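Colleague: Please see the structure below; I have some questions.
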Amino acid sequence: MTAAGHNGSALGGARTDGPIGSRFDERFLRKLESLALTIRRTTAGRSHGMRRSRRVGAGLEFADHRDYVPGDDLRYLDWNLYGRLERRALRLYEEDEDLSIDVLVDASASMGMGQPPKLDLALQICAALAYVGLSNLDRVAVTALGAEIAGPPPARGKARILPILRFLDAVRPRQSTSRTSLAAAVREFLSRRRGRRRGLVTLISDFYDPAGARAALELVRRNRLEAIAVQLSAPDELSPQLRGDLQLCDVETGEVRDLTVSPGALADYARRHATLLRELRGHCREHAIPCFTLSSDQPFDAVVLRMFRTGGLLG
Amino acid sequence: MELGGLAQVIDAGSGALSTTAAAVFGVAGAASITALYLLRLRRRRVVVAFAPLWLGAAGAERATRRTRRLRHWLSLALALTLFAAILIGAVDPERGAPTQGAIDRGGRSLVLLIDRSASMSATDEMGSRLGAARRRADEIIGGLAGTDRALVASFAADASAESGFESDPLRLRRAVAGVSPGDEPGDLQRALAFAAAILRGRPRPTVVLVSDGGFTDDARRLAPTDPDGRVLDVRYAPVGRRADNVGILSLAARRIPADPGAVETALVVQSFRPTASTTAVEISSAGTVVEKVNLTLAPGERRRLTLPNLFAPDARVEARLTGADDLAVDDHAQATIPPLPRRRILRVGGPDLYLDGALLGLGRTVHVDRLPAAEADRALARARDYDLVVFDGVTPSAPPSAGRYLYFDPQGAGNPFAAAGAARPARPVRDPVIDPASLRREHPLLQELDLADVNVAEAHRLVLGPDDVALAGSFGLPLIVTRERPALRIAALAFDPRRSDLPMRPAFPLLIANALAWATRQTDDAAAGAPLVDAGGTARDARESDTTPVPALTLGGHLLPPADPPARHFRARLGIWALMLAAALLLFDWLSYHRRWTT
Numbered sequence: 001m002t003a004a005g006h007n008g009s010a011l012g013g014a015r016t017d018g019p020i021g022s023r024f025d026e027r028f029l030r031k032l033e034s035l036a037l038t039i040r041r042t043t044a045g046r047s048h049g050m051r052r053s054r055r056v057g058a059g060l061e062f063a064d065h066r067d068y069v070p071g072d073d074l075r076y077l078d079w080n081l082y083g084r085l086e087r088r089a090l091r092l093y094e095e096d097e098d099l100s101i102d103v104l105v106d107a108s109a110s111m112g113m114g115q116p117p118k119l120d121l122a123l124q125i126c127a128a129l130a131y132v133g134l135s136n137l138d139r140v141a142v143t144a145l146g147a148e149i150a151g152p153p154p155a156r157g158k159a160r161i162l163p164i165l166r167f168l169d170a171v172r173p174r175q176s177t178s179r180t181s182l183a184a185a186v187r188e189f190l191s192r193r194r195g196r197r198r199g200l201v202t203l204i205s206d207f208y209d210p211a212g213a214r215a216a217l218e219l220v221r222r223n224r225l226e227a228i229a230v231q232l233s234a235p236d237e238l239s240p241q242l243r244g245d246l247q248l249c250d251v252e253t254g255e256v257r258d259l260t261v262s263p264g265a266l267a268d269y270a271r272r273h274a275t276l277l278r279e280l281r282g283h284c285r286e287h288a289i290p291c292f293t294l295s296s297d298q299p300f301d302a303v304v305l306r307m308f309r310t311g312g313l314l315g
Numbered sequence: 316m317e318l319g320g321l322a323q324v325i326d327a328g329s330g331a332l333s334t335t336a337a338a339v340f341g342v343a344g345a346a347s348i349t350a351l352y353l354l355r356l357r358r359r360r361v362v363v364a365f366a367p368l369w370l371g372a373a374g375a376e377r378a379t380r381r382t383r384r385l386r387h388w389l390s391l392a393l394a395l396t397l398f399a400a401i402l403i404g405a406v407d408p409e410r411g412a413p414t415q416g417a418i419d420r421g422g423r424s425l426v427l428l429i430d431r432s433a434s435m436s437a438t439d440e441m442g443s444r445l446g447a448a449r450r451r452a453d454e455i456i457g458g459l460a461g462t463d464r465a466l467v468a469s470f471a472a473d474a475s476a477e478s479g480f481e482s483d484p485l486r487l488r489r490a491v492a493g494v495s496p497g498d499e500p501g502d503l504q505r506a507l508a509f510a511a512a513i514l515r516g517r518p519r520p521t522v523v524l525v526s527d528g529g530f531t532d533d534a535r536r537l538a539p540t541d542p543d544g545r546v547l548d549v550r551y552a553p554v555g556r557r558a559d560n561v562g563i564l565s566l567a568a569r570r571i572p573a574d575p576g577a578v579e580t581a582l583v584v585q586s587f588r589p590t591a592s593t594t595a596v597e598i599s600s601a602g603t604v605v606e607k608v609n610l611t612l613a614p615g616e617r618r619r620l621t622l623p624n625l626f627a628p629d630a631r632v633e634a635r636l637t638g639a640d641d642l643a644v645d646d647h648a649q650a651t652i653p654p655l656p657r658r659r660i661l662r663v664g665g666p667d668l669y670l671d672g673a674l675l676g677l678g679r680t681v682h683v684d685r686l687p688a689a690e691a692d693r694a695l696a697r698a699r700d701y702d703l704v705v706f707d708g709v710t711p712s713a714p715p716s717a718g719r720y721l722y723f724d725p726q727g728a729g730n731p732f733a734a735a736g737a738a739r740p741a742r743p744v745r746d747p748v749i750d751p752a753s754l755r756r757e758h759p760l761l762q763e764l765d766l767a768d769v770n771v772a773e774a775h776r777l778v779l780g781p782d783d784v785a786l787a788g789s790f791g792l793p794l795i796v797t798r799e800r801p802a803l804r805i806a807a808l809a810f811d812p813r814r815s816d817l818p819m820r821p822a823f824p825l826l827i828a829n830a831l832a833w834a835t836r837q838t839d840d841a842a843a844g845a846p847l848v849d850a851g852g853t854a855r856d857a858r859e860s861d862t863t864p865v866p867a868l869t870l871g872g873h874l875l876p877p878a879d880p881p882a883r884h885f886r887a888r889l890g891i892w893a894l895m896l897a898a899a900l901l902l903f904d905w906l907s908y909h910r911r912w913t914t
């Protein structure tokens, strides 16, 4: 049975008017639905669709006081406090609102490397996060950094998953001769997002740009958005099987360098790769950014479940 | 290349490449390898996600590249060396030398003559003397020059070739390893004649004798010559370190006719030790030790032992020396006991149950014919057909001149012990008493007999001639006499046994058996030979038991020079070494490739 011929069955209320694509087949959609159910049971008891934001407003739960300034709504003045201390202060309440979730997928050429390609897992994770967010009535937007096509507008409700899936299915690694700057791509994303409320930004990338990675995460944090970093590596990148005299060609820059891959060179590579990951994790830990380092041969549902269980994502 | 040209390129005799062809192949191959190696230098392009992870500092990279270039050249040198080794192996310069069976006028023709006689089983050398001889032969083979040809032969009582003329050390060593020890004495002259015949017509003939040198003086008296009468070049490679051996040289056994259940054994033991030593000999039959004799032998002493009256339940006796020495093969001997010969007895006289009973007791091997007393003269005519003729109270008309006889109370003119010229018969002597002092107990006729108190009613006087012996008597009256002359042997009782109590005694059948054994003894000894050796016994050559080392051997009055010391020159074929080098390089190339040392 195909996704096209089974309207709405695989994704609850979502209707699939046609084939979504090779990446997101019927099996994937069923796993997605199963994953959403599992996460819903995991987060049972919480008010879905109304995550408490940091915004102070017309909520029910007391948050803090602040001094009264002319023009403030007198309804929020704490008269009891004024009676005891003769201090004019406003009572602040936490405002309940739906969460704005942005999932950014690095679509640079390096994400197309690996067997299986890192981009495939990145897009699957993106789809899963988006579906779970939509199921929670959060406002979800997906963006492919460096891709030549723009993502769909932010949406709410899981019936909107299909446009997102079609978009993700169309995403291809960028073919270029210059390295994609992750920071520049995030900066561009943030400029397009300007005006939207604060929320959660999940950045999925290989982060093979140490300076750019830190800058991108810093940009997200400075814009008062919560960031989550998902770093992907291909198995071939974690333990390369290369030997002998080679011409190394960088997939993004096209630069060609001669190298003899000896056991010593392999050890150097492993050391550099570990350093890159260690620095990324250190930066995230320093700024309380959840960080996941994954291999592209891991199943996406297990990855997403782990993110929800251990990473506090959406929790 | 045309077939004819190819035939010229490849030597038909050896199958090796000619030098010109090798040069052509070498140049072409080297060029091809170099070209292929340059192609091999092209690097494989690999696309990676993030090249900076792979590339370290630029300086280190340059150093790596320089090292890599050097390794490439080393790898090329390795490949060219490998090719050269294979080419040399194919050309095989030493193959220009004569191949199997061809005669090389420049090299020696050697016969390695390895002694495999019984003494080479001595264990004074590590393993045995033959093992030491094999090792010595291997050393000699290792010292052969490339143009030498050698043949391995071994000898004991006869000589045999173990290989053809070879230059291949491996084949020669295999032939040496195939020499097995024997238990025969070594016949040096036959072996040298064999070697000389093989070497006839070959250049620089040389015989290398690998032996312990235990040969007879006769064998060493003659100078070795080839069939054309020229003195042969014989070298001597001695083996053996000490003389520590006691050996059984011979063993023989036979049954005693007088006592078929007993066995007489003769044994010769000799010590070849330089000091006096004690050893023990065990005689056994059917697995049971029936006699044990302790011997103390002086250096070189040869001791002959005769062991009579041994009980042997089996038809075979074995002798074994106890105590360790260097040569085990002569510590054991065995002999088959021949059955008693069939005997024929002619009994002449009237009925005599006592005599018939005694004759019956001689067993199935004795056949008894009978003649009445009236045909006593006829018995004389048939005496040659019998081992013993018994005249039981009967005397033929004339004394016999040949044959073997036993007379009971002979009387009358035919009495061989009658007094010459007596006109009438002598009167009998009544109740003679046997004088114990007159008994000749050592005589075979009286062995194991007790006649001291035999009662005799009457006896007639026997007159002894010069060849006669009285074995028992009664104070001057001979009672038992014997006469031994060529072809004639007579024993006589001066009385009729029936007029005595002798037939009632155990001595009577023993007397009859002893008389038969005595009568036939000379014949048995002649048949068995002296010393006592029969066809089923053991007889060894004392030279093979004498393990005294002979460090220098003289043949025909000339001291044999030692074998050439092992040559120090490079012996093995260059081609084989080249191929081995090629194989080693292949292995190294494989290792270096998989270890990423050279690629």
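From first to last, the protein sequence lines are chains D and B.
Start counting the first sequence at 1; every next residue gets the next number (the working numbering).
Start counting the second sequence at 316; every next residue gets the next number (the working numbering).
Yeah, the Cβ is synthetic: ideal placement off N, Cα and C, and Gly gets one too.
Please read all numbers here as calculations on a predicted model, not as lab measurements.
So residue 446 of chain B is in the alpha helix (DSSP H); what residue range does that whole segment cover?
Modeller: Per DSSP, residue 446 of chain B belongs to the alpha helix (DSSP H) from 444-457.
Colleague: Taking residue 80 of chain D as part of the alpha helix (DSSP H), name the residues at either end of that continuous run.
Modeller: Residues 79-85.
Colleague: For the region 566-623 of chain B, list the beta strand (DSSP E) runs that are entirely contained and at least 3 residues long, ordered along the chain.
Modeller: You should have 574-586, 592-600 and 603-612.
Colleague: DSSP three-state label for residue 470 of chain B, please.
Modeller: Strand, per DSSP.
Colleague: Quick one, which of D/156, D/67 and D/197 has its alpha-carbon nearest residue 82 of chain D's?
Modeller: Residue D/67 is the option with its Cα nearest to residue 82 of chain D.
Colleague: Which one or two residues does DSSP pair with residue 787 of chain B in a beta bridge?
Modeller: According to DSSP, which records beta bridges pairwise, residue 787 of chain B is partnered with B/795.
Colleague: Among B/771, B/835, B/673 and B/696, which has the Cα closest to the Cα of residue 823 of chain B?
Modeller: Of the candidates B/771, B/835, B/673 and B/696, the one whose C-alpha sits nearest the C-alpha of residue 823 of chain B is B/673.
Colleague: Name the chain D residues that come within less than 8 angstroms of residue 366 of chain B, Cβ to Cβ?
Modeller: Residues of chain D passing the Cβ test: 248, 249, 250, 253, 255 and 257.
Colleague: Return helix, strand or coil for residue 686 of chain B, following the three-state DSSP convention.
Modeller: Strand.
Colleague: I'd like the span of the beta strand (DSSP E) that includes residue 131 of chain D, first residue to last.
Modeller: Here residue 131 of chain D belongs to no beta strand (DSSP E); instead the alpha helix (DSSP H) covers 118-135.
Colleague: In three-state terms, what does DSSP make of residue 317 of chain D?
Modeller: Any answer about residue 317 of chain D is impossible in this case: the structure gives chain D only from 1 up to 315.
Colleague: For a contact defined as C-beta to C-beta under 8 angstroms, what are the partners of residue 273 of chain D on chain B?
Modeller: Chain B residues near residue 273 of chain D: 368.
Colleague: Specify the secondary structure class of residue 225 of chain D as computed by DSSP and reduced to three states.
Modeller: Here residue 225 of chain D sits in coil by DSSP.
Colleague: So, is the C-beta of residue 517 of chain B closer than 8 angstroms to a C-beta in chain D?
Modeller: No, its Cβ sits nowhere closer than 8 angstroms to a Cβ of chain D.
Colleague: Within the same chain, show all residues whose beta-carbon is closer than 6 angstroms to that of residue 434 of chain B, passing over the 5 residues directly before and after it, in chain order.
Modeller: Excluding positions up to five away in sequence, the list reads 527, 529, 859 and 862.
Colleague: Check the DSSP bridge columns for residue 249 of chain D and list the partner residues they point to.
Modeller: DSSP lists D/256 and B/362 as partners of residue 249 of chain D.
Colleague: Out of curiosity, what's the CA-to-CA distance linking residue 588 of chain B and residue 684 of chain B?
Modeller: So the alpha carbons of these two residues sit roughly 57 angstroms apart.
Colleague: To the nearest angstrom, how far is the alpha carbon of residue 733 of chain B from that of residue 806 of chain B?
Modeller: Distance between the alpha carbons of residue 733 of chain B and residue 806 of chain B: 14 angstroms.
Colleague: Would you mind reading off the limits of the beta strand (DSSP E) that contains residue 763 of chain B?
Modeller: Premise fails: residue 763 of chain B is in no beta strand (DSSP E) and is neither H nor E.
Colleague: Hey, quick one: how far does the beta strand (DSSP E) through residue 649 of chain B stretch, first residue to last?
Modeller: Looking at the DSSP string, the run of the beta strand (DSSP E) that includes residue 649 of chain B is 647-651.
Colleague: Name the chain B residues whose beta carbon is nearer than 9 angstroms to that of residue 206 of chain D?
Modeller: Neighbours of residue 206 of chain D on chain B, chain order: 364 and 365.
Colleague: How many whole angstroms separate the CB atoms of residue 362 of chain B and residue 251 of chain D, which I take to be in contact at a CB cut-off of 8 angstroms?
Modeller: That pair is a contact at about 5 angstroms.
Colleague: Given that a residue counts as buried once 16 or more other Cβ atoms are within 10 Å of its Cβ, and exposed if not, what is residue 544 of chain B?
Modeller: When all chains shown are included, residue 544 of chain B counts as exposed.
Colleague: Can you tell me which of B/775, B/797 and B/776 puts its alpha carbon nearest to the alpha carbon of residue 785 of chain B?
Modeller: With distances taken between Cα atoms, residue 785 of chain B lies closest to B/797.
Colleague: Taking the beta carbon of residue 801 of chain B as the centre, do at least 16 other beta carbons fall within 10 Å, making it buried, or is it exposed?
Modeller: Burial call: exposed.
Colleague: For residue 551 of chain B, does the three-state DSSP call read helix, strand or coil?
Modeller: Residue 551 of chain B: strand per DSSP, three-state reduction.
Colleague: Counting only C-beta atoms, is residue 50 of chain D closer than 8 angstroms to chain B at any point?
Modeller: Confidence at residue 50 of chain D is low in this model, with a pLDDT of 42, below 50, so the placement of that residue should be treated as unreliable; the coordinate-derived value is given next. It does not: the Cβ of residue 50 of chain D has no partner Cβ on chain B nearer than 8 angstroms.
Colleague: Hey, would you say residue 702 of chain B sits closer than 8 angstroms to residue 679 of chain B, going by beta carbons?
Modeller: No, Cβ-Cβ distance for residue 702 of chain B and residue 679 of chain B is not below 8 angstroms.
Colleague: Using the beta-carbon count (16 or more within 10 Å), is residue 149 of chain D buried or exposed?
Modeller: Classification for residue 149 of chain D: exposed.
Colleague: Whole angstroms are fine: how far does the CA of residue 688 of chain B sit from the CA of residue 713 of chain B?
Modeller: Their Cα atoms are separated by approximately 14 angstroms.
Colleague: Where does residue 34 of chain D land, buried or exposed, given buried means 16+ other C-beta within 10 angstroms?
Modeller: It is exposed - the Cβ of residue 34 of chain D has fewer than 16 other Cβ atoms within 10 Å.
Colleague: DSSP on residue 718 of chain B, reduced to helix/strand/coil?
Modeller: If DSSP states are grouped into helix, strand and coil, residue 718 of chain B belongs with the strands.
Colleague: Within a Cβ cutoff of 8 angstroms, which residues of the same chain sit near residue 401 of chain B, ignoring the five residues on either side of it in sequence?
Modeller: So the qualifying residues of the chain are 893, 894 and 897.
Colleague: Alpha carbon to alpha carbon, how far is residue 623 of chain B from residue 602 of chain B?
Modeller: Near 19 angstroms, if we compare the C-alpha coordinates of residue 602 of chain B and residue 623 of chain B.
Colleague: Return the residue from the list B/618, B/629, B/615 and B/637 that minimises the CA-CA distance to residue 607 of chain B.
Modeller: Looking at the Cα atoms, B/637 is the closest of the given residues.
Colleague: Contact check, residue 430 of chain B vs residue 501 of chain B under 8 angstroms by CB: the rounded distance?
Modeller: About 5 angstroms separates the two Cβ atoms, so the contact holds.
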